[in-house]
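Asks: Using the working numbering, the first residue of the sequence shown is number 790, and each one after it goes up by one. Even glycine gets a Cβ: it sits at the ideal position worked out from N, Cα and C. Note that the structure is a prediction, hence the values are computed from the model and not measured.
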Amino acid sequence: MIDSVHGMPQGPLRRDFLKGAITGALVTPPTNVTAQELSPLSSVLDVRVAGARGDGQQLDTAAFQAAIDRLSAAGGGTLYVPPGRYLLGTLQLRSHVLLYLEAGAVLLGSPRLEDYPPRIPEFRSYTDNYTERSLIYAERAENVGIAGRGVIDGQGASFKGPYKVRPYLIRMVECRRVHISGIRLQNSPMWVQHYLACDDVWIDGIEVRSHVNQNNDGLDIDCCHRVTIANCNIDSGDDAIVLKSTADRPTRDVTITNCVLRSNCNAFKLGTESNGGFQNVVLANCAMYDTRLSGIAIETVDGGTSFNIAVSNVTMRGVRNPIFIRLGNRGRPFREGDPKPGVGTLRSISICNVYAEGADQIGCPISGIPGHPIEDVRLDNIRIRAAGGVDAGQIPKEVPEREADYPEYKMFGLLPAYAFYCRHVRRLRMSNLEVGWERLDARPALVLDDVSEVTLQGLSLQASSVALRLRNVRDVLVGGCQLQDRVEVFAELEQTPSREVALVGNDLRRARRPARGGEVFLASNR
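1) Per DSSP, P1154 is paired with what?
2) Secondary structure at N1110, three-state DSSP: helix, strand or coil?
3) Which residues share a DSSP beta bridge with M1200?
4) Is the number of C-beta pairs between the segment 891-904 and the segment 917-937 that are closer than 8 Å three or more?
5) Can you give me the C-alpha to C-alpha distance between E1308 and V1290, rounded to a whole angstrom?
6) Report yes if the CB atom of G1306 is closer than 7 Å to the CB atom of E1283, and no otherwise.
7) So what's V954 in DSSP terms, helix, strand or just coil?
8) Can you tell me which of G1152, S1095, E1187 and D1091 puts its alpha carbon nearest to the alpha carbon of V1071?
9) Looking at C-alpha atoms only, which residue of G1117, I969, A1181 and R1216 is the closest neighbour of D1194?
10) Does the distance from the C-beta atom of L1168 to that of M1219 stay below 7 Å?
11) Could you round the C-beta distance between H983 and R960 to whole angstroms and report it? I think they count as a contact, below 8 Å.
12) Helix, strand or coil: which one does DSSP assign to R1315?
13) Alpha carbon to alpha carbon, how far is W980 from V1023? Give it in angstroms, no decimals.
14) Closest by CA to R1228, which one among S1253, R1212, I1171 and R908?
15) Return the first residue and the last residue of the alpha helix (DSSP H) that S861 is part of.
16) Judging by CA-CA distance, which residue of N1005, N1020, R929 and P978 is the nearest neighbour of G971?
17) Looking only at C-alpha atoms, which of R1038, H1000, R1121 and I1030 sits nearest to N1047?
18) Report yes if the C-beta distance between L1292 and V1267 is below 7 Å; otherwise report no.
19) Taking only three categories from DSSP, how would you classify Q1183?
20) According to DSSP, simplified to helix, strand and coil, what is Y915?
21) Assign A1252 to one of three DSSP states: helix, strand, or coil.
22) From the DSSP output, in three-state form, read off S899 for me.
23) Suppose you measure from the CA of T916 to the CA of Y926; what does that come to, to the nearest Å?
24) Among the residues of its own chain, which have a CB less than 8 Å from the CB of S1052, if the five just before and after it don't count?
25) Would you call G845 buried or exposed, if buried means 16 or more other Cβ atoms sit within 10 Å of its Cβ?
26) My output table needs one value for A946: the three-state DSSP class, helix, strand or coil.
27) Of all the options S1156, G1225 and K953, which has the alpha carbon lying nearest to the alpha carbon of F1201?
28) Could you please give the first and the last residue of the uninterrupted beta strand (DSSP E) stretch that includes L1297?
29) Considering Cα atoms alone, identify which of Q847, H1161 and N1142 is closest to V1100.
30) Of the residues A930, P910 and E928, which one's Cα is nearest the Cα of Q921?
31) Where does D1079 fall in DSSP's three states?
32) Please list, in chain order, all residues of the same chain as T817 whose beta carbon is under 7 Å from its beta carbon, the five residues on each side excluded.
33) Keeping to the same chain, check which residues put their C-beta closer than 6 Å to that of R1299; ignore five residues upstream and five downstream.
34) Can you tell me whether S1313 is buried or exposed, with buried defined as 16 or more other CB within 10 angstroms of its CB?
35) Among the residues of its own chain, which have a CB less than 6 Å from the CB of A1086, if the five just before and after it don't count?
Next up, the structure:
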């Protein structure tokens, strides 16, 4: 039978289908079978039988599309693509049709823009400004997918110019029960794949290699609900996995696990487009490496409501910024002519079990804006090794707000802390952090500015002069912390009312003074 959720043959038929796909025994239906005679239980159609040549020279779009339409009219089935090189313009997937690419099958995007007729979806979003063309397109289809061991190659180096003259490889809009598995996607002219306002999306075991053009996001999940991404290996020119909400529909109920990510930008990012916000998002058990911007970037800047975001068990190597969290006020409307949205919200973020080597000098910003704090942030069991090497004369006196700027970890310039700079945050808990530098750095490990309801527990800090700098803070408890080196002062206070900071049960034997600049509560410190 055909599985109603993923569109793949299941059980014994799945085994027979995959065996037949190799031997050719099952997948060559009689050429005189009409669409009316095909049934959802037996519809496996070889695209060569439908007229595709697969020579890489002749355009096979018409044969593929006719076969897809034939299967859909029959109630659904699998379009089997045997080994070969198939030159294609835009294909439109239909409901209940699975495109199955055998090992050795390569779908080649045509290098001619006229082979990609515009497709403008009914669902309006800010991405209307980015694209109206794609190699594989589906809209309001259900139970659709692409699977197998073959390759989709966009030949993206053939396209030059702005957004709309560079097609996506895959775009699905308002689809339900989407299945993508096993395939390799490469050389996209722009975003590799975009799922917009889709429900019940399952992406498993795909590989992405795309660096031949600009804006090569590896995987974009946009305004989607109930998404599972697992076992993927993504190496892309732009963000590797990025969640967006380019309309007022949130992206929510997303699980990402067991992925290997590399990017010339961010490995995992929520944003930048964030009109609808992000809700109930989990990323776990991922490895990130050689990333020019952030490993983890969580951003809400266009008025959305974002909450319940959990990241755990992540290793990073050669990632310049391990963690960046930003609530801003770019406030870009998703439809032209709409009023600017107000400031959104960003709360309930948990990041734990993160190990990062190769971070640069800048530091990790966690920053809201005045009057709009990020709320309920928990960082636990995090180890960061930063580059260091900043001397006292380089430490900035003030950090600009830049609340309307495009969000990136470098947006504030060099930070006054080499590990974490936290500003405009309410309810912050850090526990079991171990941070240090490769070269002597004059900055504190942590700087908190306009932060309230803080617990710092079990931190191991390397510092040269001051370990913590606390400015305009309220209700701070620091306990069970220790120093890796001798320092002048453990905690330096600025513009903080008396006794709003409690140092309890810390090992301060390597500090000449426990605190400076204000009155603190001291108890049971060594």
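Replies: Let me spell this out:
1) Y1210
2) strand
3) Paired residues: none, contrary to the question.
4) Between the segment 891-904 and the segment 917-937, the count of C-beta pairs closer than 8 Å reaches three or more; the two stretches touch.
5) 8 Å
6) yes
7) helix
8) S1095
9) The residue with the shortest Cα to Cα distance from D1194 is G1117.
10) Contact: yes.
11) Contact between H983 and R960 holds, with the beta-carbon distance rounding to 5 Å and staying under 8 Å.
12) coil
13) Per the sequence presented here, residue 1023 reads as Ile, with Val not at that position. Approximately 13 Å between the Cα atoms of the pair.
14) S1253
15) T850 to A862
16) N1020
17) I1030
18) yes
19) helix
20) helix
21) coil
22) coil
23) In a straight line, the C-alpha of T916 is about 15 Å away from that of Y926.
24) G1007, I1023, D1024, S1025, G1026, D1027, D1028, A1029, T1080, R1081 and L1082
25) Counting the other Cβ atoms within 10 Å of the Cβ of G845 gives fewer than 16, which makes it exposed.
26) When DSSP states are grouped into helix, strand and coil, A946 belongs to the helix group.
27) S1156
28) L1297 -> no beta strand (DSSP E), and no H or E assigned at all.
29) Nearest C-alpha to V1100: N1142.
30) The sequence as given places Glu at residue 921; Gln does not occur at that position. Per the Cα distances, P910.
31) strand
32) The predicted model places T817 with a pLDDT of 36, which falls under 50 and marks its position as unreliable, so this point remains unresolved.
33) L1272 and R1275
34) exposed
35) N1055, K1058 and F1113
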